[in-house]
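Residue numbers (the numbering used here): 30 to 141.
To keep things clear, I will list the structure first and then write my remarks on it.
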């Protein structure tokens, strides 16, 4: 099972979109299935997972944006958004998140 790190943006958005049980269920799923999401082109490995919330309608799902490099590093939960909010992240958001993941990897490499 992989370590999962929730970044502040993810925590902020998750507190509005998921209850504690659902959030924990999502984290456990990704900890054991880090390659579950589809790769987003032009991001250096960022993935998007479509997550259906339990006991909620079809349109109430969320999109989870995360980064997983390999088993030497934690899985980073970057952000999430409601299905009805938008369908994908913009090219500008992709660029910003790609830069962020490079910084995260560099920081973790220095610690090892």
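Glycine included, each C-beta is placed from N, C-alpha and C at the ideal position.
Pick from the options that is closest to residue i, judged by C-alpha positions
i: residue 105; options: 50, 67, 54 and 133; result: 133
i: residue 41; options: 94, 33, 77 and 108; result: 108
i: residue 73; options: 129, 32 and 111; result: 129
i: residue 80; options: 62, 32, 34 and 31; result: 62
i: residue 115; options: 99, 100, 102 and 89; result: 89
i: residue 131; options: 39, 60 and 102; result: 102
i: residue 100; options: 121, 137, 126 and 127; result: 137
i: residue 95; options: 30, 60, 120 and 141; result: 60
i: residue 36; options: 113, 71, 126 and 50; result: 126
i: residue 121; options: 140, 113 and 70; result: 70
Residues bridged to residue i (per DSSP)
i: residue 75; result: 96
i: residue 108; result: 94
i: residue 68; result: 76
Beta-carbon proximity list for residue i, same chain, < 6 Å, skipping 5 on both sides
i: residue 65; result: 78
i: residue 32; result: 103
Collapsed DSSP secondary structure at residue i in the structure displayed
i: residue 151; result: Look at the range of the chain in this structure, 30 to 141, and you will see that residue 151 is not part of it.
i: residue 119; result: coil
i: residue 49; result: helix
i: residue 102; result: coil
i: residue 30; result: coil
i: residue 113; result: coil
i: residue 128; result: helix
i: residue 138; result: helix
i: residue 54; result: helix
C-beta contact flag for residue i and residue j at 8 Å
i: residue 97; j: residue 76; result: yes
i: residue 82; j: residue 91; result: yes
i: residue 43; j: residue 52; result: yes
i: residue 111; j: residue 46; result: yes
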